[in-house]
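Peer 1: Just dropping this structure here.
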């Protein structure tokens with residue numbers, strides 16, 4: 001029964017993307033092509049931009065920024081989340097910091113970083129990191145709070161050394177939370193990196209989309225968006241899902 | 001020749017966590033090396049708490065608990081089987097054993113599992129094992145540390161009574177083969193009657209030792225009738241007090 005459901009689910013998911021393209025195609029046929037070009041026109045433009053212009057270089061630039069911000073935000077967020085989850089006094093002390101961090105508009109952080117540090121690569125990555133870290137912190141804090149005290153007692157009963165306990169008992173319990181944080185983090189970072197690039201950078205997908213916007217070039221905007229989405233989807237299927245199966249496969253047992 | 005003392009419990013007072021009143025007040029007994037002790041008594045009397053104190057997991061009491069001459073918290077690692085099997089669900093059976101006993105090789109872990117009747121389940125995740133099988137893995141894990149003291153906290157609770165007999169045989173086999181000092185907590189007098197050679201009954205508040213009996217009949221001749229007769233004696237007394 002479950003297998004049938006899983007198989008059907010895979011088929012439905014496989015249809016999902018072509019269905020979106022079909023809807024896009026129909027809509028493009030209905031409205032003016034200057035406002036919404038067809039998928040084919042966008043793919044052709046994407047090919048042209050990739051072979052004759054800077055699409056690949058821009059993509060690499062944006063992905064590099066997103067990667068640095070992701071690594072920094074995850075590292076910082078995991079550390080802070082572990083501390084806040086473990087020590088209630090720290091949690092109380094920094095409760096309002098976390099709340100402010102979660103709710104402060106991303107654009108404000110970006111502008112402040114640009115003003116304080118100049119329109120630099122570092123300022124952009126720092127701004128993205130500051131925006132993302134509170135979300136990772138909160139997710140990991142919940143993970144630490146949810147640690148099973150029974151397993152901690154097991155580790156104590158068998159006199160497990162600290163690092164062995166961390167590796168075999170604590171980290172596996174935190175992995176579902178870390179993966180959730182990574183996934184939500186990536187989706188957030190993809191978006192805000194582009195916004196910050198529009199605001200102030202010398203290249204990248206966001207920067208180029210900003211230029212296309214000034215020229216009302218919707219085909220160029222969609223071509224860059226499509227290329228970017230292709231990278232995101234590839235990453236999701238080739239990295240995130242495989243990682244999930246590998247790390248959380250035991251949950252199906 | 002007198003056996004050496006494996007466990008010495010000299011607890012002057014143990015208070016409830018976060019509450020007033022005493023759980024134990026002057027609880028004193030000793031356990032000789034190789035003895036199999038069953039602690040029985042009503043729910044909430046403090047049997048599991050006492051096990052945790054002996055295992056060095058709870059040190060908030062007045063008095064001393066020595067295990068093989070050392071304070072419980074610093075004593076050699078005991079083999080501890082909790083009420084729930086408490087297997088790490090992300091590790092297979094062999095890895096669960098090696099998690100608590102890194103010096104145990106894969107081959108030794110597999111042999112321990114085979115001794116529990118779990119040949120072929122070495123690489124199975126706990127989620128794919130039945131409750132009884134999980135308990136046997138937990139027993140194998142406890143044995144892997146080569147314990148001089150084996151602590152079983154209600155190892156037969158919440159499983160089918162038909163399976164209990166098989167598990168009791170497994171524990172009896174462990175006692176015969178490994179000869180550890182063993183402390184078993186149970187609600188069921190027949191568990192004590194089947195496995196123990198000494199039975200301490202706890203009751204009251206604060207908990208007191210209301211009886212401390214030796215079962216002189218050898219385990220090897222304890223058939224069903226003998227076990228029921230011993231259990232009747234233990235249970236009869238217990239019922240009168242519970």
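Residue numbers (our numbering), protein chains in the order written: chain A, 1 to 253; chain B, 1 to 242. Just so it is clear, CB atoms sit at the ideal spot from N, CA and C, and this is done for glycine as well.
If you compare alpha carbons, which of 154(A), 151(A), 138(A), 202(A) is closest to residue 181(A)?
Peer 2: Looking up residue 181(A) in the first chain gives position 181. Minimum Cα distance to residue 181(A) is reached at 138(A).
Peer 1: Can residue 142(B) and residue 79(B) be called in contact, C-beta distance under 8 Å?
Peer 2: One-based indexing of the second chain puts residue 142(B) at position 142. One-based indexing of the second chain puts residue 79(B) at position 79. One thing to note: residue 142(B) has its Cβ within 8 Å of the Cβ of residue 79(B).
Peer 1: Is it the case that the Cβ atoms of residue 73(A) and residue 185(A) are separated by a distance below 8 Å?
Peer 2: Taking the first chain and counting its residues from 1, one reaches residue 73(A) at position 73. Taking the first chain and counting its residues from 1, one reaches residue 185(A) at position 185. Against a cut-off of 8 Å, the Cβ pair of residue 185(A) and residue 73(A) comes out as a contact.
Peer 1: State the beta-bridge partners of residue 207(B) as determined by DSSP.
Peer 2: The sequence position of residue 207(B) within the second chain is 207, counting from 1. In the DSSP output, where bridge partners are listed per residue, residue 207(B) has 24(B).
Peer 1: From residue 143(A) to residue 74(B), what does the alpha carbon distance come to, in whole angstroms?
Peer 2: Taking the first residue of the first chain as position 1, residue 143(A) is located at position 143. Taking the first residue of the second chain as position 1, residue 74(B) is located at position 74. Rounded to the nearest angstrom, the two C-alpha atoms are 31 Å apart.
Peer 1: Which residues in chain B sit within 7 Å of residue 169(A), going by Cβ to Cβ distance?
Peer 2: Indexing the first chain from 1 puts residue 169(A) at position 169. The answer, in chain order, is 88.
Peer 1: So, is residue 155(B) buried or exposed, given that buried needs 16 or more other C-beta atoms within 10 angstroms?
Peer 2: As a first step, residue 155(B) must be located in the second chain, where it is residue number 155. When all chains shown are included, residue 155(B) counts as buried.
Peer 1: Mind checking if residue 179(A) is an interface residue toward chain B, Cβ cutoff 8 Å exclusive?
Peer 2: Position 179 of the first chain holds residue 179(A). No, its Cβ sits nowhere closer than 8 Å to a Cβ of chain B.
Peer 1: Beta carbon of residue 76(A): closer than 7 Å to some heavy atom of the ligand FAD?
Peer 2: Among the components of this structure there are no ligands whatsoever, and the ligand FAD is therefore not found.
Peer 1: Nearest-angstrom Cα distance between residue 68(A) and residue 210(A)?
Peer 2: What you label residue 68(A) is simply residue 68 of the first chain in a count that begins at 1. What you label residue 210(A) is simply residue 210 of the first chain in a count that begins at 1. If I take the Cα positions, the gap works out to 22 Å.
Peer 1: Candidates 37(A), 8(A), 10(A): which alpha carbon is nearest residue 22(A)'s?
Peer 2: Against the first chain, residue 22(A) aligns to sequence position 22. Ranking the options by Cα distance to residue 22(A), first place goes to 37(A).
Peer 1: 8 Å is my cut-off, CB to CB: does residue 153(A) come that close to chain B?
Peer 2: Numbered from its first residue, the first chain carries residue 153(A) at position 153. So yes, residue 153(A) belongs to the interface.
Peer 1: Between which two residues does the beta strand (DSSP E) carrying residue 75(A) extend?
Peer 2: For the purposes of this step, residue 75(A) is taken as the residue at position 75 of the first chain. Counting along the chain, residue 75(A) falls outside any beta strand (DSSP E), though it belongs to the alpha helix (DSSP H) covering 55-86.
Peer 1: Between residue 118(B) and chain A, is the shortest Cβ-Cβ distance under 8 Å, so that the two count as touching?
Peer 2: As a working note, residue 118(B) is residue 118 in the second chain. No, its Cβ sits nowhere closer than 8 Å to a Cβ of chain A.
Peer 1: In the stretch 145-179 of chain B, which residues sit with their C-beta less than 7 Å from some C-beta in chain A, listed in chain order?
Peer 2: Those residues of the stretch 145-179 of chain B placed with their C-beta closer than 7 Å to a C-beta in chain A are 145, ordered along the chain.
Peer 1: Quick check on the DSSP output: what are the complete alpha helix (DSSP H) runs of length 4 or more inside the stretch 95-174 of chain B, in order along the chain?
Peer 2: 106-115, 131-144
Peer 1: Hey, quick one: how far does the alpha helix (DSSP H) through residue 141(A) stretch, first residue to last?
Peer 2: If you number the first chain from 1, residue 141(A) lands on position 141. Residues 121-145.
Peer 1: Check the Cβ of residue 143(A) against every Cβ in chain B and list those closer than 7 Å, keeping chain order.
Peer 2: Position 143 of the first chain, counting from 1, holds the residue named residue 143(A). Under the 7 Å cutoff, chain B gives no residues; its nearest Cβ is about 14 Å from residue 143(A).
Peer 1: If you drop the 5 nearest sequence neighbours on each side, which residues of the same chain put their C-beta closer than 6 Å to that of residue 255(A)?
Peer 2: Since the first residue shown for chain A is 1 and the last is 253, residue 255(A) is missing from the structure and cannot be characterised.
Peer 1: Against residue 55(B), what residues of chain A qualify as contacts under a CB-to-CB distance less than 8 Å, listed in chain order?
Peer 2: As a working note, residue 55(B) is residue 55 in the second chain. Residues of chain A passing the Cβ test: 157.
Peer 1: Using 8 Å as the limit for Cβ to Cβ distance, is residue 100(B) near chain A?
Peer 2: Stepping through the second chain from its first residue, residue 100(B) is reached at position 100. It does; some Cβ of chain A falls within 8 Å.
Peer 1: Starting from residue 80(B), follow its DSSP beta bridges and name the residues at the other end.
Peer 2: Numbered from its first residue, the second chain carries residue 80(B) at position 80. In the DSSP assignment, residue 80(B) is bridged to 151(B).
Peer 1: What residues in its chain sit with their C-beta under 8 Å from that of residue 198(B), if we drop five residues either side in the sequence?
Peer 2: Taking the first residue of the second chain as 1, we reach residue 198(B) at position 198. Counting only Cβ-Cβ distances below 8 Å, and skipping sequence neighbours, we find 31, 35, 36, 37, 38, 212, 213, 214, 215.
Peer 1: Would you give the residue range spanned by the alpha helix (DSSP H) that residue 153(A) belongs to?
Peer 2: For the purposes of this step, residue 153(A) is identified with residue 153 of the first chain, where counting begins at 1. Residue 153(A): member of the alpha helix (DSSP H) spanning 149-157, first to last residue.
Peer 1: Which word fits residue 9(A), buried or exposed, when buried means at least 16 other C-beta atoms lie within 10 angstroms of its C-beta?
Peer 2: Along the first chain, one-based indexing puts residue 9(A) at 9. By the neighbour-count rule (16 or more Cβ atoms within 10 Å), residue 9(A) is not buried but exposed.
Peer 1: Is it right to say residue 162(B) is buried, meaning 16 or more other beta carbons lie within 10 angstroms of its own, or is it exposed?
Peer 2: What you label residue 162(B) is simply residue 162 of the second chain in a count that begins at 1. Exposed.
Peer 1: Indicate whether at least one CB of chain A lies closer than 8 Å to the CB of residue 29(B).
Peer 2: As a first step, residue 29(B) must be located in the second chain, where it is residue number 29. No, residue 29(B) does not count as interfacial toward chain A.
Peer 1: Do residue 59(A) and residue 205(A) count as a contact pair if the criterion is CB distance below 8 Å?
Peer 2: Against the first chain, residue 205(A) aligns to sequence position 205. Against the first chain, residue 59(A) aligns to sequence position 59. It is a contact, given that the beta carbons lie within the stated cut-off.
Peer 1: Please confirm whether residue 69(B) has its beta-carbon closer than 8 Å to some beta-carbon of chain A.
Peer 2: Stepping through the second chain from its first residue, residue 69(B) is reached at position 69. For residue 69(B), no Cβ of chain A is located within less than 8 Å of the residue's own Cβ.
Peer 1: On the criterion of 16 or more Cβ atoms from any shown chain inside 10 Å, does residue 186(B) qualify as buried, or is it exposed?
Peer 2: Here the question's residue 186(B) lines up with position 186 in the second chain. Looking at its Cβ environment, which holds 16 or more other Cβ atoms inside 10 Å, residue 186(B) is buried.
Peer 1: Label residue 45(A) either buried or exposed according to how many other C-beta atoms from any shown protein chain fall within 10 Å of its C-beta, with 16 as the threshold for buried.
Peer 2: Indexing the first chain from 1 puts residue 45(A) at position 45. The residue is buried, with at least 16 neighbouring Cβ atoms inside 10 Å.
Peer 1: Any contact between the stretch 106-115 of chain A and the stretch 126-134 of chain A? By contact I mean 3 or more CB pairs, one from each, below 8 Å.
Peer 2: By the Cβ rule, the stretch 106-115 of chain A counts as touching the stretch 126-134 of chain A, because three or more pairs are nearer than 8 Å.
Peer 1: From this set, 162(A), 224(A), 107(A), 238(A), which residue's C-alpha is nearest residue 196(A)'s C-alpha?
Peer 2: Counting from one through the first chain, the residue named residue 196(A) turns up at place 196. For the residues 162(A), 224(A), 107(A), 238(A), the minimum Cα distance to residue 196(A) belongs to 107(A).
Peer 1: Measuring only the C-alpha atoms, how far is residue 89(B) from residue 150(B)?
Peer 2: Here residue 89(B) refers to the residue found at position 89 of the second chain. Here residue 150(B) refers to the residue found at position 150 of the second chain. Using only the alpha carbons, I get a separation of about 23 Å.
Peer 1: With distances taken Cα to Cα, identify the nearest neighbour of residue 52(B) among 204(B), 96(B), 14(B), 225(B).
Peer 2: To locate residue 52(B), count along the second chain from 1; it is residue 52. Answer by Cα proximity: 14(B).
Peer 1: Taking the alpha carbon of residue 212(A) as the point to measure from, which residue in 13(A), 49(A), 243(A) has its own alpha carbon closest?
Peer 2: By 1-based counting over the first chain, the position of residue 212(A) is 212. Residue 49(A) is the option with its Cα nearest to residue 212(A).
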